[in-house]
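In this text, residue positions in the sequence shown follow my numbering: the first is 39, and each later residue adds one.
Okay, so here's the structure we're looking at.
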Amino acid sequence: MKNARWIVLTGIILLIFTSGCRLGNVSLTILQTSDVHNHASGYGPALDYTPLNTGDSDSVRGGYARLATLINTIRDEQAAKCIPTLVFDSGDFFMGTVYDMTAANPIALTFFNQVKYDAVTLGNHEFEWSPAGLAMLLSNGANAGFNVPVVATNTVIPDDSPLKALKNAGVIVDKKVIEYPFGLKVGIIGIMGRDADTKAPVAKPVTFNHDYAFIQQQVNDLRKKEHVQLVIALSHGGIEVDGTGDDADLAANVKGIDIIASGHYHTATAKALKKGDTIIFSPGEYGEFLSRLDVTYNVILGKVVSYKFDLIPVNDTIQGDAAVQGMVDAYDASISSSIAPLDVTLKGPVSRIGFALELASLAECGFGDLAADSIRAVASQLAPLNNGDPCDFSVIASGVIRDNIYPGKTGYVTFADIYNALPLGISPDTTQQSLGYPLMSIYVTAPDLRNICEAALTVAPAEGADYYLNFSGIKVDYDPLYAPYFAGVRSVSLFDPSDVFCLGDAEELDLTDTTTVYHCVVDLYALQMMDVVTSKGLQIIPRDQYGNVIDISDPSVYMAYRIDASTDAGIQELKEWMALLKFLGASFPASGAGIPEAYYGEDGAVLGRINILN
C-alpha cells in the first residue's frame with residue numbers, strides 16, 4: 039500500500055510540474071555558440087563596433103556584449119515560464135583575435151563564467167596552444183574563478199600531460215549530468231571530430247578516440263548508470279547545410295544521442311537537421327548567430343516529442359550588456375598597454391583601405407597575395423639578421439587567414455584588424471612573449487616546389503579550403519586535366535626577389551633539377567603540414583641552404599630556422615601578423631593613399647600568379 043501511495047504521489051507531482059502541457063512533457067531551451075574564436079568585440083572593422091548603441095549603422099556582427107544580452111534575456115523569459123535554459127559552446131573559443139593576448143586570464147573563460155554557461159567543449163584551435171599552453175590557459179582561468187565544466191569525452195590525455203592535473207581537479211570532465219526537479223536528467227558529452235583532429239597537428243601527445251563503439255559506450259553509461267533521459271553532444275565535428283559531415287556520421291553510428299550542438303565547419307544552419315532521431319544544428323562563426331533550440335521531451339514516452347529551432351542574428355539591433363562590455367573594455371586597455379612597444383594601440387590606425395579585402399575559397403585573390411607578399415618582403419628585409427639570403431618565394435595557407443579586412447565607416451585599418459587577419463598559433467619556444475606562428479626560413483628543390491604548388495591546387499580541393507596555398511614570388515601554370523595524376527602543375531616560374539609585388543617577368547624553372555635549392559618563407563603550421571602532404575603522395579622535403587634535410591618532427595632542430603624580427607632582447611620571432619603590420623605600415627601608411635585597389639582588388643595587377651589552363 040505504501041508503494042502504491044508513493045507512485046500516486048509521484049504522478050501528482052509530475053502532473054503539477056507539467057501543468058498546461060501533455061502529461062509527462064518537459065520543456066527545455068538550449069542556446070549554443072561555437073567557433074567564436076575570441077571575437078569579443080565582434081566580427082568587422084574594429085573602429086565600427088558600438089555595442090551599447092543600436093541603429094547607428096554598426097555593421098559589426100557578434101560580440102560578447104550582444105551575446106550576453108541575448109542569452110540573459112532568453113534565460114529570464116524562459117525562467118518566468120518555469121522553463122530551464124542550458125547554454126553551451128562547441129569549441130574553438132580561443133585563437134582568432136587580439137584577445138588571444140589575454141592568456142593571463144583568458145577573456146573567453148571570463149565571458150563563459152559571467153554569462154553562466156553550463157558546459158563547453160574543446161575545438162582543434164584550443165590545441166594550437168599545444169597541450170601545455172592549453173593547460174596554462176585553463177589553469178589561469180580556474181585560478182581566476184572559471185568554473186564551467188570543459189567536457190572532453192573522447193580526448194585521451196596522457197598521465198604525464200599537464201592537462202591531466204586539470205582533469206583530476208574536475209576542470210576537464212568526461213561527461214556532465216544536469217538534473218532538474220521535474221523528472222528530467224540531461225547528460226552531456228563533448229566530442230572532437232575526425233576532421234578537427236586532422237587540423238590539430240600540435241595536439242600530440244594528446245589524442246582523440248573516434249571509435250564509435252567507445253562513444254556509444256559513453257552514451258550507454260549515461261543512460262544506464264546515470265539514468266539520464268536526454269543526451270546532448272557538444273561536438274566539434276561539423277555539419278554541412280546538406281546534412282553531411284562528421285556530426286551526421288556521429289548521429290548515424292551512435293544511437294541514443296538526442297541532440298548534437300555542432301561546431302567546426304562554421305556552418306550556420308537556418309533550420310535544425312534531423313538524422314534518425316538526432317537533432318543537429320550549428321550557429322556559424324565568430325558569434326554572428328546564436329543557436330536556439332526549444333525542445334519538449336516526454337519523460338513517460340522517453341523521447342523528444344517536438345522542437346523548434348531559431349538561428350538568431352547578433353547584430354546592431356541588440357543593445358549589448360553594459361557589464362560584459364565593461365569587462366571587454368578593461369581587457370582592451372590591458373592589451374593596448376602590452377603592445378605599446380610596437381608603437382601602436384589596439385584600435386589605432388596603421389593603414390587605410392577603400393575596398394573589401396576578402397579571402398576567396400580555393401582561388402587566388404588579392405588578400406591571399408597581399409598576405410604572401412608581406413611575409414616575403416619583410417623576411418627579405420630581415421635577411422641580414424638571419425641567413426643573409428633574400429626570399430625567393432613565400433607560402434601562406436588560407437586556413438591561417440581568419441578575418442577579412444573592410445573599410446568600415448572610417449576607412450582605417452587598425453592594429454586589431456591586422457592582427458585578427460593573421461592571429462593563429464603559438465611558438466614552441468616558451469620564452470617568446472608574442473603569439474602567432476613563427477615564420478620559418480627553409481629551402482626546397484624545384485621538384486619539391488612543384489609539389490608545393492600541386493598541393494595547393496590538387497590536394498586542397500579534396501582536403502578543404504584551409505589547405506589552399508597563397509604565393510608570392512611564384513607564377514604557376516596549372517592544368518586540372520592532370521590533377522588525378524598529381525601532375526596538374528605544368529610549369530613554375532620565379533620572380534626576382536626584389537620584385538615585391540610580382541609585377542615583372544618571371545623565369546621558368548627546370549622542374550627536374552634536384553640540386554639547386556630555393557629560399558622559401560613559411561609559417562610553422564605550413565612547415566609541419568608538409569609531412570601531411572608527403573603522406574598524400576606529394577613529397578616535400580624542407581632543407582637548409584646547403585641542401586641538408588631538416589627534421590620537422592623535432593623542435594630542437596627546426597626552431598633553428600625561424601626568422602628573427604629583432605635581436606634587441608634576445609630572439610624575437612617574426613610572426614605572420616607582425617609581417618603584415620610592418621608591410622602595411624611601411625608601404626601603405628594611414629597617412630597616405632592606403633592599400634591600392636589597383637594592386638589587390640578583385641581585378642588587381644598582382645593577380646595572375648596562378649594560371650589555370652584549358
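Each residue gets a CB set at the ideal place from its N, CA and C atoms; glycine is no exception.
Note that the structure is predicted; figures quoted are calculated from it, not measured.
task: Leaving aside the five residues before and after glutamate 640 along the sequence, list all residues of the same chain whose C-beta is less than 6 angstroms from its C-beta, in chain order.
output: none
**Prompt:** Where alanine 521 and threonine 496 are concerned, what is the direct C-alpha to C-alpha distance, given to the nearest angstrom?
**Reply:** Alanine 521 and threonine 496 have their C-alpha atoms some 6 angstroms from each other.
Discussion item. Across the region 66–81 and the region 313–332, are there enough close Cβ pairs to call them in contact, namely three or more that are closer than 8 angstroms?
Written reply: yes
On the CB-based measure, 16 or more other CB atoms within 10 Å of its CB, does valine 269 come out buried or exposed? buried
Margin query: Looking at the strands, I want to know which residues DSSP matches up with serine 300.
Written below: According to DSSP, serine 300 bridges with Ser273.
Considering only the alpha carbon of each residue, which of Gly526, Ala525, Phe524, Leu541 lies closest to leucine 532?
Leu541
- [ ] Compare the beta carbon distance of serine 177 and valine 244 with 8 angstroms and say whether it is the shorter of the two.
- [x] no
Point to revise | C-alpha distance - alanine 409 paired with asparagine 353, whole-angstrom precision | key: For alanine 409 and asparagine 353, the distance between alpha carbons rounds to 29 angstroms.
Using the beta-carbon count (16 or more within 10 Å), is tyrosine 584 buried or exposed? exposed
Output the distance between the C-alpha atoms of tyrosine 556 and valine 482, rounded to the nearest integer angstrom. 5 angstroms
Practice task
Report the option in Asp551, Leu395, Lys313, Arg414 whose CA atom is closest to the CA atom of glycine 28.
Solution key: As shown, the chain starts at 39 and ends at 652. That puts residue 28 outside it, with no answer to give.
Sub-8 angstroms separation of histidine 265 and aspartate 130 beta-carbons: The Cβ-Cβ distance between histidine 265 and aspartate 130 does not fall below 8 angstroms.
- Query: Are phenylalanine 327 and alanine 361 closer than 8 angstroms when you measure CB to CB?
  - Reply: Pairing phenylalanine 327 with alanine 361 gives a Cβ-Cβ distance that is not under 8 angstroms.
Can you tell which of Val186, Phe184, Lys205 has its C-alpha closest to the C-alpha of valine 194?
-> Measuring from the Cα of valine 194, the nearest candidate turns out to be Lys205.
- Query: Under a Cβ-count criterion, where at least 16 other Cβ atoms within 10 Å of its own Cβ denotes burial, should asparagine 336 be classed as buried or exposed?
  - Reply: With 16 or more other CB atoms across the displayed protein chains lying within 10 angstroms of its CB, asparagine 336 is buried.
**Asked** serine 510 bridges to which residues according to DSSP?
**Response** Ser432
Note to self: Give me, in chain order, the residues of the same chain whose beta-carbon lies closer than 7 angstroms to that of glutamine 363; leave out the 5 immediate sequence neighbours on both sides.
What the structure shows: Pro89, Leu90, Ala103
Checklist line | Residues of its chain near serine 65, where Cβ-Cβ distance is below 6 angstroms and the 5 sequence neighbours each way are ignored | finding: Ile121, Thr334
*asked:* Please identify the residue among Leu172, Ile145, Ser472 whose C-alpha is closest to the C-alpha of alanine 182.
replied: Ile145
Do asparagine 442 and threonine 135 have their C-beta atoms within less than 8 angstroms of each other?
The answer is no: Cβ separation not under 8 angstroms.
| query | Using DSSP with H/G/I as helix, E/B as strand and the rest coil, what is aspartate 427? | reply | coil
Original post:
Who are the Cβ neighbours of alanine 173 in its own chain at under 8 angstroms, not counting the five residues just before and after it?
Top reply: Ser199, Pro200, Leu201, Ala203, Leu204
- Pull up the CB-CB distance for glycine 294 and arginine 261, whole angstroms please, since I reckon it's below 8 angstroms. 6 angstroms
Exercise. Let me know the beta strand (DSSP E) ranges lying completely inside the region 313–394, each 3 residues or longer, listed in chain order.
Key: 316–319, 327–336, 341–351, 387–390
Inter-residue Cα distance where the pair is asparagine 185 and serine 594 = 36 angstroms
Practice problem: May I ask which residues mark the beginning and end of the beta strand (DSSP E) holding lysine 309? | Solution: Counting along the chain, lysine 309 falls outside any beta strand (DSSP E), and DSSP gives it neither H nor E.
Exercise. Skipping 5 residues on each side, what residues in its chain have a beta carbon closer than 7 angstroms to that of methionine 597?
Worked result: Pro466, Asp467
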